[in-house]
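> Once you know that position 149 of the first sequence is 180 in the working numbering, the rest is easy, because the numbers rise by one and skip nothing. Where a beta carbon is used, it is the ideal one built from N, C-alpha and C, also for glycine. Okay, handing you the structure first.
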Amino acid sequence: MAYWLLKSEPDMFGIDDLAKCQRRTEHWDGVRNYQARNYLRAMRRGDQAFFYHSSCAAPGVYGVVDIVRAAYPDPSADDPQSPYYDPRSTGDNPRWFMVDVRFQRRLKRPVSLSQIKQTRALRKLPLVQRGNRLSVMPVSPTEWATILKLTGEH
DNA sequence: GCCAACGTTGGC
DNA sequence: GCCAACGTTGGC
Numbered sequence: 032m033a034y035w036l037l038k039s040e041p042d043m044f045g046i047d048d049l050a051k052c053q054r055r056t057e058h059w060d061g062v063r064n065y066q067a068r069n070y071l072r073a074m075r076r077g078d079q080a081f082f083y084h085s086s087c088a089a090p091g092v093y094g095v096v097d098i099v100r101a102a103y104p105d106p107s108a109d110d111p112q113s114p115y116y117d118p119r120s121t122g123d124n125p126r127w128f129m130v131d132v133r134f135q136r137r138l139k140r141p142v143s144l145s146q147i148k149q150t151r152a153l154r155k156l157p158l159v160q161r162g163n164r165l166s167v168m169p170v171s172p173t174e175w176a177t178i179l180k181l182t183g184e185h
């Protein structure tokens, strides 16, 4: 099983929105960056991911989600009405993919970006690397455990 | 709102 | 293939 981190702007879609979804499950669609897409495609059912809130007053890790469906074509790429529309992606040759994620839990104590930056064991996280804007990134088992420790949950 | 950093686009 | 221009991300 692998670990990941998924960014989202809570004003658009936060961890609490996911908890309110039917079956607490939603498509993680709209990813339009090739590196992030490749990570999406590497995800397997049963993987876990941190739900990270970005572009907000207190950026950080707020919850844990389960990957409940591996990558499949993102239909918003084919929808001219969608902000994620990409005419270069076609039905028989899809360019963009999404996974399904299910709410697992909210962290009792979120782990802030500044905490993450202050933690030596997390220095290699793409999240805190200079200029990094990846919205989907891998998290090593050690990093995963380190972040959970920071929540005080163990 | 500012701005640094980055990815993408498109002319050549 | 180069690279300037542009748009986006995201912390502050």
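Is Met-32 helix, strand or coil by DSSP?
Looking up residue 32 in the first sequence gives position 1. Residue state, collapsed to three classes: coil.
> Whole angstroms is fine: what's the gap from Gln-135's alpha carbon to Arg-119's?
The residue given as residue 135 occupies position 104 in the first sequence. The residue given as residue 119 occupies position 88 in the first sequence. So the two alpha carbons sit approximately 35 Å from each other.
> Which residues share a DSSP beta bridge with Asn-124?
Working through the first sequence from its first residue, we reach residue 124 at position 93. Answer by DSSP bridge pairing, in chain order: Thr-121.
> If you scan the segment 63-97 from start to end, which runs of the beta strand (DSSP E) of 3 or more residues do you find wholly inside it?
Listed in chain order, the complete beta strand (DSSP E) runs (minimum 3 residues) inside the segment 63-97 are 79-84.
> Straight-line CA distance for Val-159 to Gly-45?
Along the first sequence, one-based indexing puts residue 159 at 128. Along the first sequence, one-based indexing puts residue 45 at 14. Cα-Cα distance, rounded: 21 Å.
> CB Ile-178 to CB Val-142, shorter than 8 Å?
Indexing the first sequence from 1 puts residue 178 at position 147. Indexing the first sequence from 1 puts residue 142 at position 111. Cβ atoms of Ile-178 and Val-142: closer than 8 Å.
> First and last residue of the beta strand (DSSP E) that includes Glu-57?
Working through the first sequence from its first residue, we reach residue 57 at position 26. It spans 56-59 - the beta strand (DSSP E) in which Glu-57 sits, taken as one unbroken run.
> Quick check: Gly-61 and Tyr-115, are their CB atoms within less than 8 Å of each other?
On the first sequence, position 30 is the one that residue 61 refers to. On the first sequence, position 84 is the one that residue 115 refers to. Yes, the Cβ-Cβ distance between Gly-61 and Tyr-115 is below 8 Å.
> Classify Asp-42 as buried or exposed, calling it buried when 16 or more other Cβ atoms lie within 10 Å of its own Cβ.
Within the first sequence, the letter at position 11 stands for residue 42. Counting Cβ neighbours within 10 Å, Asp-42 comes out exposed, since fewer than 16 surround it.
> Got a sec, what are the start and stop residues for the beta strand (DSSP E) Pro-169 sits in?
As a first step, residue 169 must be located in the first sequence, where it is residue number 138. Note, Pro-169: beta strand (DSSP E), 167-170.
> Which value, in whole angstroms, describes the spacing of the CA atoms of Phe-128 and Gln-66?
Mapped onto the first sequence, residue 128 falls at position 97. Mapped onto the first sequence, residue 66 falls at position 35. So the alpha carbons of these two residues sit roughly 12 Å apart.
> What residues in its chain sit with their C-beta under 6 Å from that of Asp-105, if we drop five residues either side in the sequence?
Along the first sequence, read from residue 1 onward, the residue named residue 105 stands at position 74. If we look at Asp-105 and ignore the five residues flanking it on each side, its Cβ neighbours are Asp-60, Trp-127, Phe-128 and Met-129.
> Would you kindly check if the distance between the Cβ of Ser-85 and the Cβ of Ser-39 is under 8 Å?
In the first sequence, counting from the first residue as 1, residue 39 sits at position 8. In the first sequence, counting from the first residue as 1, residue 85 sits at position 54. For Ser-39 and Ser-85, yes; Cβs fall inside 8 Å.
> Over the uninterrupted alpha helix (DSSP H) stretch that includes Gln-149, give me the two end residues.
The residue you call residue 149 lines up with position 118 of the first sequence. Where Gln-149 is concerned, the enclosing alpha helix (DSSP H) stretches over 144-149.
> Which term fits Thr-80, buried or exposed, when burial requires 16 or more other beta carbons within 10 angstroms of its beta carbon?
Reading the first sequence from its first residue, position 49 is the one you call residue 80. Note that residue 80 corresponds to Ala in the displayed sequence, not to Thr. By the 10 Å Cβ count, Ala-80 comes out buried.
> Sort out for me which residues DSSP pairs Pro-104 with in a bridge.
Within the first sequence, numbered from 1, the residue matching residue 104 stands at position 73. Answer by DSSP bridge pairing, in chain order: Phe-128.
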